[in-house]
Amino acid sequence: MRTQADQHTQASPPLITATGLTKRYGRTEALRGASVDLHAGEILAVTGASGSGKSTLLHCLAGIVRPDEGSVTYGDEQLGLLPEARLSELRRTDFGVVFQFGQLIPELTALDNVALPLLLAGSGRAEAQRRADSWLERFGVRGQADLRPGELSGGQSQRIALARALITGPKAVFADEPTGALDSLAGEQVMTALVHASRESGTAVLLITHDAQIAAYADREVWLRDGALHSGATRFTVQEAACHED
Ligand code: ADP
Numbered sequence: 346m347r348t349q350a351d352q353h354t355q356a357s358p359p360l361i362t363a364t365g366l367t368k369r370y371g372r373t374e375a376l377r378g379a380s381v382d383l384h385a386g387e388i389l390a391v392t393g394a395s396g397s398g399k400s401t402l403l404h405c406l407a408g409i410v411r412p413d414e415g416s417v418t419y420g421d422e423q424l425g426l427l428p429e430a431r432l433s434e435l436r437r438t439d440f441g442v443v444f445q446f447g448q449l450i451p452e453l454t455a456l457d458n459v460a461l462p463l464l465l466a467g468s469g470r471a472e473a474q475r476r477a478d479s480w481l482e483r484f485g486v487r488g489q490a491d492l493r494p495g496e497l498s499g500g501q502s503q504r505i506a507l508a509r510a511l512i513t514g515p516k517a518v519f520a521d522e523p524t525g526a527l528d529s530l531a532g533e534q535v536m537t538a539l540v541h542a543s544r545e546s547g548t549a550v551l552l553i554t555h556d557a558q559i560a561a562y563a564d565r566e567v568w569l570r571d572g573a574l575h576s577g578a579t580r581f582t583v584q585e586a587a588c589h590e591d
């Protein structure tokens, strides 16, 4: 049976193409010529040992960090050539990011945390809160709408962080160990929410994890070793990642 991810990967060019990425921090080579494609509607897991360059790769693809060499192409734009203002705009509108520890704003309620990206994009408060409320309901955390992050469990925080990342309807979500601090039940709930949202809206997901059970939610898997990418299991898609060979 062809999945939605199959249809996207076979019919359309990649949403994001990273080619030959190199990134150095002093004498540390975090990335060494890493190349990978991310397609609309697919969930791509990036696995690898701690320090292998996973977060650096995610930051380059999301336009948070500029690589020293190589390019990241999104549509017809090359991220490395864009002014900071356009990168900020893309991060607000087209890309969503979720980190290991939700990074919710501690002073705001769960509802206002989720509504914030819409408010920053110019929506009215009532409309932003209405849409935030429906995302909270969808992810099973509506009962926590008025709580502040300090009053939430780790799993609730991560589902709220996911809702905040998805509320603007991004084309791609970058999730850096989104379940890394959770027990397995809370991790499953977060992954189920992420997979459903991706399947419904065709959002591409770059999922960083070192947990094989979490990687099993992905359509495709690549792994990093010492900053270089290798292809891993292809679960549903037939398209291979562009891989760097040693
Ligand atoms: P992973 O996500 O796989 O744990 P990272 O991308 O975080 O790997 O890091 C890869 C390497 O780059 C590590 O050796 C790390 O210490 C180094 N590194 C990452 N970010 C920075 C930074 N901002 N400053 C200095 N070194 C960094």
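Using this note's numbering, the letters of the sequence shown correspond one by one to residues 346 to 591. Yeah, the Cβ is synthetic: ideal placement off N, Cα and C, and Gly gets one too. Just so you know, these numbers come straight off a predicted model, no measurement behind them.
Cutoff 8 Å; reference residue i; Cβ partners in own chain excluding five residues on either side
i	result
residue 465	437
residue 413	367, 368 and 369
residue 546	511 and 514
Range covered by the alpha helix (DSSP H) that runs through residue i
i	result
residue 559	557-560
residue 455	455-465
residue 429	429-438
Own chain partners of residue i with C-beta closer than 7 Å, once the 5 adjacent residues on each side are dropped
i	result
residue 446	526
residue 442	407, 510 and 519
residue 536	524, 559 and 562
residue 540	388 and 562
Residue from the options with nearest C-alpha to residue i
i	options	result
residue 473	368, 509, 541 and 558	509
residue 549	467, 556 and 515	515
residue 376	387, 396, 489 and 454	396
residue 451	505, 418, 420 and 480	505
residue 405	386, 364, 389 and 493	364
residue 499	399, 449, 468 and 567	449
residue 489	471, 454, 360 and 427	454
residue 538	388, 415 and 429	388
residue 483	469, 501 and 495	501
residue 556	507, 571, 487 and 528	528
Buried versus exposed, by CB contacts within 10 Å (16 or more), residue i
i	result
residue 462	buried
residue 423	exposed
residue 552	buried
Terminal residues of the beta strand (DSSP E) in which residue i lies
i	result
residue 553	549-553
residue 569	565-570
Same chain, Cβ closer than 6 Å to residue i, five either side skipped, listed in chain order
i	result
residue 532	524
residue 477	456, 459 and 460
residue 444	521
residue 471	none
My parser needs the beta strand (DSSP E) runs of 3 or more residues fully inside the region 481-540; what are they?
517-521
Any chance you could list the beta strand (DSSP E) runs of at least 3 consecutive residues sitting entirely within the region 352-425, in chain order?
361-370, 373-383, 388-393 and 414-419
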